[in-house]
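Engineer: Got a structure here, written out as structure tokens. Questions coming.
There are 2 protein chains.
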Amino acid sequence: MKAEIIAVGTELLLGQILNTNAQYLSRELAAMGIDVYFQTVVGDNMGRLQHAIELASERADILLLTGGIGPTQDDLTKDALAAVLGRELHIDAAAMEQVEEFFVSRGRDMTENNRRQALVIEGCTPLPNETGLAVGVAIAQDGKFYIVLPGPPKEMKPMFDRQAKPWLQQHALTDEMPIYSRMLKFAGIGESLLEDKLLDLIQAQSDPTIAPYAKEGEVSVRLSTKAASEAEAEKKLEAMEAKIQERLPGHIYANTDMPIEQKIVEIMSERGLTLSAAESCTGGLLMESITAIPGSSAMFLGGFVCYSNEMKEKLLRVPRSLLEGEQAPGAVSREVAEALADQVRTITGSDFGLSVTGVAGPGDSEGKPAGLVYVGLAERGKDTEVFELRLGGNRESVRVRSVKTLLYRLWLRLISK
Amino acid sequence: MKAEIIAVGTELLLGQILNTNAQYLSRELAAMGIDVYFQTVVGDNMGRLQHAIELASERADILLLTGGIGPTQDDLTKDALAAVLGRELHIDAAAMEQVEEFFVSRGRDMTENNRRQALVIEGCTPLPNETGLAVGVAIAQDGKFYIVLPGPPKEMKPMFDRQAKPWLQQHALTDEMPIYSRMLKFAGIGESLLEDKLLDLIQAQSDPTIAPYAKEGEVSVRLSTKAASEAEAEKKLEAMEAKIQERLPGHIYANTDMPIEQKIVEIMSERGLTLSAAESCTGGLLMESITAIPGSSAMFLGGFVCYSNEMKEKLLRVPRSLLEGEQAPGAVSREVAEALADQVRTITGSDFGLSVTGVAGPGDSEGKPAGLVYVGLAERGKDTEVFELRLGGNRESVRVRSVKTLLYRLWLRLISK
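Shown next, in the form of structure tokens:
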């Protein structure tokens, strides 16, 4: 099965917004075993929109259209598809009720154009919108399958996941078994080393298939398999996860999609452990990552950003002899990272204390090269560990990777118990 | 003039990467007065790539291709374009020298496939790559204009800005005067109010044209004008900026593209002023934003993340009477925001002290609703100000907008001197 994604909206062609929908749907379709050969973006223009739909109907079996189903006269996606298919539009009663209720519940008058959000194509399966007002459309004609989804990602994603995906499984992929997948999340390993270790499995396109994804400081692997039942799929996914786990012990921190800081918040909250941090070159990024996780207040007490030497001394009682003078190791050193981690743990009274000190760049600092970073891990009743990192990349990259590396070390410590 | 952007790469169709290049080029082309009617994404496949180029040649005057010009056998963009144009490929001497030098300077052997990065189409203008190895291509044929750019944004952007854009001005837009633009950056105002205030100017498509852009907590307006000379353009841009400034006094913090924290770092560094911060619900995001700016170490001393009540008392000496007890205003209050700002300024000895305390959500906290946030601004020798914010949106949105609002207040204070 081949699919084409058509994103509709002049704001995309003006570059005012980024087409994240195409990426999301491409990943989902790949995991369902459906090939995407083209993605198209077209504006809110009836003629060009119909042209794009006709063209895609020639080159693909499944068409996914996103956007252009709101209340305004610019929103033409359903009109264009109906015209290409030679069908009429009508108001869907359930969707209309939802639109009306929305306005009643807010005590606002509904303007006439809002009725457009309840339009569907005759003979289609309406796709309810759980997080917005515009109803979606799924329809099959002449062996082709058409799906219309809203533009805003927070409406598009749930409608695809819960409405369109099962519809496609049932109507377009009838000859094929459903696909099940699992996301393995890795820490403390780069993309190239990971690929290297799994190369034979990736290239064999074995069952389950293995697809690695990388972004700054984070690597994930998606396992996908076709199976007659969920139980059968789980068995295959489990076995492959175990195989990968064996090759890369101590790197998989989760088998669902979440950042490592969320895993740490979960583990520490569960065990009633507390955390604090002292940051120099990362300037708050470490604490920000942790406190971005809902529920982190159960385990995160607080901490310091000690950007200047004076603050390291004043707020965290780092001895001046470590910071200044000819014999001093200086702010970017193993000794200072250790002192910061120890002190923040002691001052806050937390179970664990983290520290980062380094040169984020651009440029060297106090004779130390950009990318040289020391991260410290203190634990009540244990020796404090310090890790020296030599990172490439720009300021942002050095900061992100310092944080991810330190979180990895903390996670390793937590699971070693 | 109509343009089409073709992004080449199977990794885009698998959803492994996001097509940020299309957004960037669309914005740039819009500012040059060129309409983009379609964006297309196609994989690393010779047949489909040629089909996409032929199709775009029919519907547009200018084709921009990104990606698929690296060293591997998968990189087919130049081959496909050469085939469609009926031209040969040959090695560009200057580009080849650059590739060879790269390997010599790193003491590595150059593998044969790297020669592919120096390939150009006969009769083209080669576009030098200042930040990578693969050379770009600009060529005109039968009244159509073709540009080939690298896929990685850090190579694509400089090549477009410094090579492709002037080439297009010179070859494709000969009948038109060049376009000049200026980015106005706003703080303390939402997109809808801004549009409202400028609606007549936006709709009139006056000269200069006005295009607003919004992202979380930030609004920008791009002014563009065609002019025979830069001096003439500057005059028109200046006049329109003054007109907008008059309608929205105290909101334009810069007329080049930069975040407000950068403006603050610049002003404070220049005047030798120093800053510190105490964050509760934003958990480090404020300090992280400031320290993300290179050079911030000149003005930012440090600060605290005091997530728990205990830490507010222990680290920042907030009186317990404010935090706990029936009569206490509680951690999320005007009084605590004031105490935090005062204390962090006093403890660090900085000229200015910032504070944030609130409920980021999801869900209420201690009887206060999600989105209720107090931000404090202390200055040496001045009364401390506290602002109450009632923000909508999710946890991330509340955090970002709290930070942006506080930075806006600080900027206002700095420019009022």
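Going down the list, the protein sequences come from chains E and U.
Read in order, the letters of the first sequence are residues 1 to 417 in the working numbering.
Read in order, the letters of the second sequence are residues 1 to 417 in the working numbering.
Ideal Cβ placement from N, Cα and C applies to all residues, glycine included.
As the structure is a prediction and not an experimental result, all values here were calculated from the model.
(1) State the beta-bridge partners of A278 of chain E as determined by DSSP.
(2) Got a sec: which bits of the stretch 298-313 of chain E sit with their beta carbon under 9 Å from any beta carbon on chain U, in order along the chain?
(3) Return yes when the Cβ of M1 of chain E is within less than 8 Å of the Cβ of L173 of chain E, no when it is not.
(4) How many Å lie between N113 of chain U and D75 of chain U at the Cα?
(5) Comparing the C-beta of S26 of chain E with each C-beta of chain U, is any distance below 8 Å?
(6) Taking all protein chains shown into account, decide if P259 of chain E is buried (16 or more other Cβ within 10 angstroms of its Cβ) or exposed.
(7) Tell me which residue opens and which closes the alpha helix (DSSP H) that R182 of chain U is part of.
(8) Just to make sure I have the definition right: I need the residues of chain E whose C-beta is within less than 9 Å of the C-beta of E396 of chain U. Which are they?
(9) Would you mind sorting M123 of chain U into buried or exposed? The rule is 16 or more other CB atoms within 10 Å of its CB.
(10) Compare the C-alpha of L414 of chain U against each of U:Y213, U:G284, U:L273, U:T10 and name the closest.
(11) Identify, in the order they occur along the chain, each residue of the same chain with its Cβ nearer than 7 Å to the Cβ of S276 of chain U, setting aside the five sequence neighbours on each side.
(12) At which residues does the alpha helix (DSSP H) containing S26 of chain U begin and terminate?
(13) Check this for me: beta carbons of R399 of chain E and T291 of chain E, under 8 Å apart or not?
(14) Using beta-carbon positions only, say whether Q117 of chain U and G70 of chain U come within less than 8 Å of one another.
(15) Inspect the beta-carbon positions of L184 of chain U and S220 of chain U and report whether they are closer than 8 Å.
(16) Would you mind telling me which residues of chain E sit closer than 9 Å to D362 of chain U, beta carbon to beta carbon, in chain order?
(17) Answer with buried or exposed for H251 of chain U, where buried requires no fewer than 16 other C-beta atoms within 10 angstroms of its C-beta.
(18) On the three-state DSSP scale, how would you describe T40 of chain U?
(19) Rounded to the nearest angstrom, what separates L64 of chain E and D257 of chain E at their Cα positions?
(20) May I ask you to list, following chain order, the residues of the stretch 318-341 of chain E that have a beta carbon less than 7 Å from some beta carbon of chain U?
(21) At 4 residues or longer, what runs of the alpha helix (DSSP H) sit wholly inside the stretch 88-143 of chain U?
(22) Checking contacts by CB at 8 Å: is M287 of chain E closer than that to chain U?
(23) Mind checking S416 of chain E: buried by the 16 CB within 10 Å criterion, or exposed?
(24) Would you call the stretch 306-325 of chain E in contact with the stretch 323-333 of chain U, where contact means no fewer than 3 C-beta pairs closer than 8 Å?
(25) Please name the residue, chosen from U:A233, U:A187, U:I244, that lies closest to I418 of chain U on a Cα-to-Cα basis.
(26) Does R182 of chain E pass the burial test, meaning 16 or more other C-beta atoms within 10 Å, or should it be called exposed?
(27) What does V42 of chain E touch in chain U if you count any residue whose Cβ is under 7 Å from its own?
(28) Would you please state the rounded distance, in angstroms, between the beta carbons of T384 of chain U and E338 of chain U? I believe it to be under 8 Å.
(29) Quick check on DSSP: helix, strand or coil for D61 of chain E?
(30) Does E176 of chain U come out as helix, strand or coil in the three-state DSSP assignment?
(31) Run the CB neighbour count on L193 of chain U, radius 10 Å, all protein chains shown included, and call it buried at 16 or more, exposed below.
(32) List the DSSP bridge partners of K226 of chain E.
(33) Taking 8 Å as the CB-CB limit, is Q170 of chain U close to chain E?
(34) Using CA atoms only, rank isn't needed, just tell me which of U:V36, U:G393, U:V42 is closest to D61 of chain U.
(35) A278 of chain U and L340 of chain U: beta carbons closer than 8 Å?
(36) Report yes or no: is there a C-beta of chain E within less than 8 Å of the C-beta of A228 of chain U?
Structural biologist: So, from the data block:
(1) Within the first sequence, numbered from 1, the residue matching residue 278 of chain E stands at position 278. According to DSSP, A278 of chain E bridges with E:F304, E:S355.
(2) F300, L301, G302, G303, F304, V305, C306, Y307, S308, E310, M311, K312
(3) To locate residue 173 of chain E, count along the first sequence from 1; it is residue 173. To locate residue 1 of chain E, count along the first sequence from 1; it is residue 1. Taking 8 Å as the cut-off, the Cβ atoms of L173 of chain E and M1 of chain E count as close.
(4) Indexing the second sequence from 1 puts residue 113 of chain U at position 113. Indexing the second sequence from 1 puts residue 75 of chain U at position 75. When rounded, the distance between both Cα atoms is 11 Å.
(5) Taking the first sequence and counting its residues from 1, the one referred to as residue 26 of chain E is at position 26. It does: the Cβ of S26 of chain E has a partner Cβ on chain U nearer than 8 Å.
(6) What you label residue 259 of chain E is simply residue 259 of the first sequence in a count that begins at 1. Classification of P259 of chain E: buried, given that the 10 Å Cβ count is 16 or more.
(7) Sequence index remark: in the second sequence, residue 182 of chain U carries index 182 (1-based). Unbroken run through R182 of chain U is the beta strand (DSSP E), 179-186; no alpha helix (DSSP H).
(8) Here residue 396 of chain U is taken as the residue at index 396 of the second sequence, counted from 1. Neighbours of E396 of chain U on chain E, chain order: A292.
(9) By one-based count along the second sequence, residue 123 of chain U stands at place 123. As written in the sequence, residue 123 of chain U is Gly, which differs from the Met given in the question. Answer is exposed; the Cβ neighbour count stays below 16.
(10) Start at 1 with the first residue of the second sequence, and residue 414 of chain U comes out as number 414. Measuring from the Cα of L414 of chain U, the nearest candidate turns out to be U:L273.
(11) Locating residue 276 of chain U in the second sequence gives position 276, counting from the first residue. L301, G302, G303, V344, R345, T348, S350, G353.
(12) Walking along the second sequence from the start, residue 26 of chain U turns up at place 26. Looking at the DSSP string, the run of the alpha helix (DSSP H) that includes S26 of chain U is 20-31.
(13) Numbered from its first residue, the first sequence carries residue 399 of chain E at position 399. Numbered from its first residue, the first sequence carries residue 291 of chain E at position 291. No. Outside cutoff.
(14) One-based indexing of the second sequence puts residue 117 of chain U at position 117. One-based indexing of the second sequence puts residue 70 of chain U at position 70. Contact: yes.
(15) Here residue 184 of chain U refers to the residue found at position 184 when the second sequence is read from its first residue. Here residue 220 of chain U refers to the residue found at position 220 when the second sequence is read from its first residue. Result yes, Cβ atoms of L184 of chain U and S220 of chain U sit closer than 8 Å.
(16) Taking the second sequence and counting its residues from 1, the one referred to as residue 362 of chain U is at position 362. Residue 362 of chain U is actually Pro in this sequence, not Asp. What P362 of chain U touches in chain E: P294.
(17) Taking the first residue of the second sequence as 1, we reach residue 251 of chain U at position 251. With 16 or more Cβ atoms within 10 Å of its Cβ, H251 of chain U is classed as buried.
(18) As a first step, residue 40 of chain U must be located in the second sequence, where it is residue number 40. Looking at T40 of chain U - three-state DSSP - the assignment turns out to be strand.
(19) Within the first sequence, the letter at position 64 stands for residue 64 of chain E. Within the first sequence, the letter at position 257 stands for residue 257 of chain E. Looking at the two C-alpha atoms, the distance is approximately 25 Å.
(20) none
(21) Runs found: 93-105.
(22) Locating residue 287 of chain E in the first sequence gives position 287, where the first residue counts as 1. Yes, contact with chain U.
(23) Numbered from its first residue, the first sequence carries residue 416 of chain E at position 416. Counting Cβ neighbours within 10 Å, S416 of chain E comes out exposed, since fewer than 16 surround it.
(24) no
(25) What the structure shows of chain U is the stretch from 1 to 417, and residue 418 of chain U is not part of that stretch, so it cannot be assessed.
(26) As a working note, residue 182 of chain E is residue 182 in the first sequence. It counts as buried.
(27) Sequence index remark: in the first sequence, residue 42 of chain E carries index 42 (1-based). Ordered by position in chain U, the residues that pass the 7 Å Cβ test against V42 of chain E are F38.
(28) Mapped onto the second sequence, residue 384 of chain U falls at position 384. Mapped onto the second sequence, residue 338 of chain U falls at position 338. Yes, they are in contact, since the Cβ atoms of T384 of chain U and E338 of chain U sit about 5 Å apart, within 8 Å.
(29) Within the first sequence, the letter at position 61 stands for residue 61 of chain E. Coil.
(30) On the second sequence, residue 176 of chain U is found 176 positions in, with the first residue counted as 1. Coil, per DSSP.
(31) As a position in the second sequence, residue 193 of chain U is number 193, starting the count at 1. Around the CB of L193 of chain U, fewer than 16 other CB atoms lie within 10 Å, so the residue is classed as exposed.
(32) Your numbering for residue 226 of chain E matches position 226 in the first sequence. K226 of chain E is bridged to E:I179.
(33) For this step, residue 170 of chain U is matched to residue 170 along the second sequence. Not one chain E Cβ lies under 8 Å of Q170 of chain U.
(34) Along the second sequence, read from residue 1 onward, the residue named residue 61 of chain U stands at position 61. The shortest Cα separation from D61 of chain U among U:V36, U:G393, U:V42 belongs to U:V36.
(35) Stepping through the second sequence from its first residue, residue 278 of chain U is reached at position 278. Stepping through the second sequence from its first residue, residue 340 of chain U is reached at position 340. Contact: yes.
(36) Position 228 of the second sequence, counting from 1, holds the residue named residue 228 of chain U. Not closer than 8 Å to any Cβ of chain E, the Cβ of A228 of chain U fails to qualify, so no.
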